[in-house]
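Novice: Just so we're aligned: the sequence shown equals residues -30 to -1, 1 to 163 in mature numbering (1 follows the signal peptide of the UniProt record, and there is no 0). Where is the CB? At the ideal position from N, CA and C, for every residue including glycine. Computed from a predicted structure; not experimentally measured.
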Amino acid sequence: MEKASMGLLIISSLLLVFLSLLSHSSSVASNPTPTPSEWPLQFHSLIWHNRTGILQKVDLWYDFINGRNLNIIQEQLSSDVLYDVEWNNGTSFFYTLDPYKKECNVMYFPVGILRPNWLDGATYLGQRMVDIFLCNVWEKVDFIRYYEDVGTKRPVKWVIFQGQAWYTTHVMTFEVGAVLDDPNWQAPLYCFR
Ligand SMILES: *[C@@H]1O[C@H](CO)[C@@H](O)[C@H](O)[C@H]1NC(C)=O
Ligand SMILES: *[C@@H]1O[C@H](CO)[C@@H](O)[C@H](O)[C@H]1NC(C)=O
């Protein structure tokens, strides 16, 4: 009787040692340096943008499947709405739909729109509280800092440093899979004169 219970005790403590070894090794294996999540192929985000003090509300429609990206931009207390449609072939249209202004600029950016994996190769900087979220933080090519919620893996914020200025983006909503209907991507006629 005693021998049997002793045997059980040894077996169970061996099991404990084994389990703790296992959990130790698996926690080591499952904790490599975190990498940023790829962007979903299609999403909609409401964004607050701070361009060194100039605040903007931006409706961002990212649609990699159809090779297009739309920013609908409004500055604080302004009634002007600026549309920025970027196509993956490099053409971008910046326009207002204001019938009295009819303004449009067409520009060409050979790189096209951001790839879903545009953060590949970013350097991990650790964790920080950002806005009210515990985030993993990465730096990419010295001028982009990217903050992703540790729990949900959603982007919380990114900061771009360019020409001595800070551009800060706070992500307010993140609707994965939301797609804007085709007619909303059509630049107006006066872009094609
Ligand atoms: C916007 O950014 C500037 C620094 O570039 C900062 O001084 C200011 O407090 C920010 N404003 C808001 C509302 O976050
Ligand atoms: C890119 O695609 C857009 C939308 O289809 C089109 O309006 C534009 O002319 C194209 N640009 C080039 C350089 O082909």
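Is any non-hydrogen atom of ligand 2 found closer than 7 Å to the C-beta of N154, if you look at the structure I gave you?
Specialist: no
Novice: Would you check if the distance between the CB atom of L89 and the CB atom of Q97 is smaller than 8 Å?
Specialist: no
Novice: Cβ of I114 within 8 Å of Cβ of I102?
Specialist: no
Novice: Report yes or no: do three or more beta-carbon pairs, one from the segment 22 to 36 and one from the segment 119 to 130, lie closer than 8 Å?
Specialist: Result no; under three Cβ-Cβ pairs closer than 8 Å.
Novice: Reducing DSSP to helix, strand and coil, say where Y160 ends up.
Specialist: Helix at Y160.
Novice: Does DSSP put P125 in a helix, a strand or coil?
Specialist: strand
Novice: Please classify D152 as buried or exposed, where buried requires at least 16 other C-beta atoms within 10 Å of its C-beta.
Specialist: When all chains shown are included, D152 counts as exposed.
Novice: From G60 to F79, what distance separates their C-alpha atoms?
Specialist: 5 Å
Novice: Which class does E145 belong to by DSSP, given the choice of helix, strand or coil?
Specialist: strand
Novice: Hey, how far is the Cα of M142 from the Cα of Q46?
Specialist: 16 Å
Novice: What residue does the beta strand (DSSP E) around Q44 start on, and which one ends it?
Specialist: Start and end: 38 to 45.
Novice: Pick helix, strand or coil for D54, following the three-state DSSP scheme.
Specialist: DSSP, read as helix, strand or coil, puts D54 in strand.
Novice: Where does the unbroken beta strand (DSSP E) through R21 begin, and where does it stop?
Specialist: 12 to 21
Novice: With distances taken between CB atoms, is the gap from E73 to T66 smaller than 8 Å?
Specialist: yes
Novice: For D68, which of helix, strand or coil comes out of DSSP?
Specialist: coil
Novice: Considering only DSSP beta bridges, list what I130 is partnered with.
Specialist: I114, Y137
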